[in-house]
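Residue numbers (our numbering), protein chains in the order written: chain A, 348 to 438; chain B, 91 to 473. Note that CB positions come from ideal geometry on N, CA and C, so glycine has one too.
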């Protein structure tokens, strides 16, 4: 089951990097890389272990003219969290 | 190895033509305190050419060239990479170039001050090999007394907050303990556990009959792995590298020849995989003479089996149209089992040489002898 987060943050040893050769942003982790789309990048950049899921959704909602994005954010983090790449700062 | 998957994110199509590499495998030295009989290093590691190890300055340049070429992941391996006295400087060079660095180590040695220095230099990830979960059997397989030191090394890696991967190569003499190996990795606080069924390259080819498990052993092992994955979830990612002698279609070896990965040997020779130096007539380039980009894009060796144009039958007109997915399997295995590096990997059910695989399976299933077959241990001197 996909994990549900309170204050999500990238797990130790997981980092975002711009790949200049392919002009894309990738999530790097032990022996792997995940190509991210723009939404995923925005969400992960907000995962600082301080903001709650609601805080993250609120920031994005403001950027996108009040759209309700909370479910999308939770789903995206759940998917990445299933691989242990995002963890809960409170957990 | 470097993988691109679509979990929670949209895939971006790779550029057309020759892809840029994602992974650099840096074999810093073939010196190693362990003697594992399945080592993927060449069987002639004692040869004079490998004693002429690439100086640290050259490695630092290679890391920069790799980053410029699009490499994201760096595996610092060997042999034992900690045997290179410049290991900290090499990690610094990796960090400066934005590479994600993994130290692939036997953890022999793994001294605290040196490992702290690696951490400060920006090392991203530590992978420690284990041979078994039982100390005496582990030391017997590795050919040296190592188990307790590995346990201490894993604790140190955790203390320094490194993400930790435990790697255990599986074979006839340890696969029945897979459950206890998983529990050991859990106790050691590993994030990932690589259970790599032996691939028959390098020293493993010499030891194939002693290493190859029975089908029943594999099936039991796989069942345990599946159940443990369910129990552990994201707390411990368990990789199960398929035993290709028991598959009917081949693996896309290295993700395809010269597709994702580039490997540099201790002397600076550049290869598309660990075993490619075994292919006769393949002209090897060296980073002392040419840039990594030149070698990747233009060399005869990297273009020899790239893509699908070089293929023979049955790959060329694959009955299940899988040639773009598995790239005909492993070139080195094709060579070792058929004498032709351009043949279809005999693991494939459509290979005219598939009977070689079937008979190896049959032999593995014969009743166990009183004494297990002896190992030929990896050794620099005898090779």
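Inside the segment 412-438 of chain A, DSSP marks whole beta strand (DSSP E) runs of 3 or more residues at positions 433-435, from first to last along the chain. Residues of chain B whose Cβ lies closer than 8 Å to the Cβ of residue 355 (chain A) do not exist; the shortest such Cβ separation is about 12 Å. Here residue 295 (chain B) is not bridged, per DSSP, to any residue. The bridge partners DSSP lists for residue 286 (chain B) are B:259 and B:331.
In summary, the residues of the segment 326-346 of chain B whose CB is separated from some CB of chain A by less than 7 Å are 327, in the order they occur in the chain. Of B:391, B:128, B:206 and B:160, the smallest CA-CA separation from residue 371 (chain A) is found for B:160.
For residue 364 (chain A), the beta-bridge partners assigned by DSSP are A:373. Put simply, the backbone Cα of residue 346 (chain B) is about 25 Å away from that of residue 135 (chain B).
Annotated three-state conformation of residue 400 (chain A) is helix, per DSSP. The beta carbon of residue 413 (chain A) does not come within 8 Å of any beta carbon belonging to chain B, so the residue lies off that interface. In terms of Cβ geometry, residue 122 (chain B) and residue 219 (chain B) do not form a close pair [threshold 8 Å]. Any Cβ of chain A closer than 8 Å to the Cβ of residue 171 (chain B) would place that residue at the interface, and such an atom is absent. Of the other Cβ atoms in all chains shown, fewer than 16 fall within 10 Å of the Cβ of residue 316 (chain B); this residue is therefore exposed. Excluding the 5 residues flanking it on each side, residue 128 (chain B) has same chain C-beta neighbours closer than 7 Å at 259, 261, 288, 293, 294, 297 and 301, in chain order. Classified as buried, residue 256 (chain B) has 16 or more neighbouring CB atoms from the shown chains inside 10 Å of its CB.
If you check each beta-carbon in the segment 199-225 of chain B against every beta-carbon of chain A, the ones closer than 7 Å belong to 214 and 215. Of all residues in the segment 131-155 of chain B, none has a C-beta nearer than 8 Å to a C-beta of chain A. Under the three-pair Cβ rule at 8 Å, the segment 186-205 of chain B counts as touching the segment 232-252 of chain B. Under DSSP, residue 379 (chain A) forms a beta bridge with A:376.
Residue 411 (chain A) is classed as exposed because its beta carbon has fewer than 16 other beta carbons within 10 Å across all chains shown. The beta-carbon separation of residue 191 (chain B) and residue 166 (chain B), rounded to 6 Å, stays under the 8 Å limit for a contact.
The criterion of a C-beta distance shorter than 8 Å is not satisfied by residue 188 (chain B) and residue 398 (chain A).
Listed along chain A is no residue with a C-beta nearer than 8 Å to that of residue 350 (chain B); the closest approach is about 10 Å. At the C-beta level, residue 117 (chain B) and residue 354 (chain B) come within 8 Å of one another. Take the alpha-carbon of residue 110 (chain B) and the one of residue 349 (chain B): they are about 7 Å apart. Contact check for residue 290 (chain B) and residue 423 (chain B): beta-carbon distance about 7 Å, within the 8 Å limit, so the pair qualifies. Around residue 368 (chain A), the beta-carbon contacts reaching into chain B at under 8 Å are 110, 158, 159 and 160.
Nearest CB-CB separation between residue 255 (chain B) and chain A: below the 8 Å threshold. Shown here, residue 155 (chain B) sits in a helix according to DSSP, grouped into three states. Per the Cβ contact rule, the segment 167-186 of chain B is in contact with the segment 138-149 of chain B (3 or more Cβ pairs under 8 Å).
Around residue 140 (chain B), the same chain offers 120, 356 and 357 as residues with beta carbons nearer than 6 Å, after the five sequence neighbours per side are excluded. The C-beta of residue 321 (chain B) comes no closer than 8 Å to any C-beta of chain A. Less than 8 Å separates the beta-carbon of residue 429 (chain A) from that of residue 324 (chain B). Where residue 191 (chain B) is concerned, the enclosing beta strand (DSSP E) starts and stops at 190-195.
Residue range 138-141 is occupied by the alpha helix (DSSP H) that includes residue 141 (chain B).
Linking residue 435 (chain B) to residue 375 (chain A) through their CA atoms gives a straight-line distance of about 32 Å.
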